[in-house]
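Participant:
Numbering (the numbering used here), first residue to last: 290 to 568.
#1: Excluding the 5 residues preceding and the 5 following residue 563 in the sequence, name in chain order all residues of the same chain whose CB lies nearer than 7 angstroms to its CB.
#2: Grouping DSSP H, G and I as helix and E and B as strand, with all else coil, what is residue 328?
#3: Using the three-state DSSP reduction, which class does residue 550 fall into: helix, strand or coil?
#4: Kindly provide the ranges of any alpha helix (DSSP H) runs that are 4 or more residues long and lie completely inside the segment 316-385, ordered along the chain.
#5: Going by DSSP, which residues form a beta bridge with residue 309?
#6: Taking the beta carbon of residue 568 as the centre, do at least 16 other beta carbons fall within 10 Å, making it buried, or is it exposed?
#7: If you scan the segment 467-548 from start to end, which runs of the beta strand (DSSP E) of 3 or more residues do you find wholly inside it?
#8: Are residue 548 and residue 382 closer than 8 angstroms when you measure CB to CB?
#9: Please state if the CB of residue 398 and the CB of residue 373 are separated by a distance shorter than 8 angstroms.
#10: What distance in whole Å lies between the Cβ atoms of residue 329 and residue 341, which are believed to be in contact at a cut-off of 8 angstroms?
#11: So, is residue 412 buried or exposed, given that buried needs 16 or more other C-beta atoms within 10 angstroms?
#12: Assess contact between the segment 390-410 and the segment 501-521, defined as three or more Cβ pairs (one per stretch) separated by less than 8 angstroms. Is contact present?
#13: What is the DSSP secondary structure of residue 415, counted as helix, strand or coil?
#14: CB residue 306 to CB residue 417, shorter than 8 angstroms?
#15: What are the start and end residues of the alpha helix (DSSP H) that includes residue 430?
#16: If I measure Cβ to Cβ from residue 310 and keep anything under 6 angstroms in the same chain, skipping five residues before and after, which residues do I get?
#17: In angstroms with no decimal places, state the Cα-to-Cα distance between residue 351 and residue 535.
#18: In terms of DSSP beta bridges, what is residue 464 paired with?
#19: Specify, as a first and last residue, the run of the alpha helix (DSSP H) that residue 452 falls within.
#20: Closest by CA to residue 384, which one among 545, 532, 542?
#21: Using the beta-carbon count (16 or more within 10 Å), is residue 389 buried or exposed?
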């Protein structure tokens, strides 16, 4: 198993909303959820990762990429540290990387990431998870191994704004519906975003009602593998004001700026041992 890999931190750092910690033997940590239409359980014990609900081929083709299991995070962390040093960091990123050691950016489904981060706007993590869970049960297809897959754009477009609103999505219902209609009609292909430049993909996403720079950046970071994307939410605004009052030039942070963002996000949420669940 690679170094700097911790499923507890991976699934509890606000990047994914369909996995929850489940009971495990002493010395193990388990997370269970649904991704890519399949129910899966990840079990980590010292020096070992076991995947239940998968065979060896699935692990190589689906779960290894999903977990970013094959990435060299030592090299990534060294790159982040050097770029932050050149950007005038005062040691905060080093502490943040220690605090968040083991975090990896998941390579999620692009459509699911888009819809999930629309739901995340002005919301908290337990409520985001509840809305998404209800949405999957209501409009998703049965998943392989149990549970429900994330609903397709076609299913949500056919459901209509009122039925989406009935899931207690609030003002986000019209945004989810607009995104669903654009994707279902072919006007926007979330998977083609991954082949675009960040600027082109951001522009395409922001044609959706209610999608601004933060949701676009989250979609591209967590759903398209664009690790240079740097979402700025209330937590990151707080980080920038608190630790970089003289400013931090994000343009200097390079291809792993989004991974650095996740370390900073996690560090601020967990600083002083205070665990907060607001996105």
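Backbone N, C-alpha and C fix where the C-beta goes; we use that ideal spot for every residue, glycine too.
Facilitator: Judging by the given coordinates:
#1: Caution applies to residue 563, whose pLDDT of 45 falls short of 50 and renders its modelled position unreliable; the value that the coordinates give is listed next. So no residue of the chain qualifies.
#2: strand
#3: helix
#4: 353-356, 362-375
#5: 321
#6: In this prediction, residue 568 has a pLDDT of 38, which is less than 50 and means its spatial position is unreliable; what the coordinates show is noted afterwards. When all chains shown are included, residue 568 counts as buried.
#7: none
#8: no
#9: no
#10: 7 angstroms
#11: buried
#12: yes
#13: helix
#14: yes
#15: Residue 430 -> no alpha helix (DSSP H), and no H or E assigned at all.
#16: 320
#17: 43 angstroms
#18: According to DSSP, residue 464 bridges with nothing at all.
#19: 450-453
#20: 532
#21: buried
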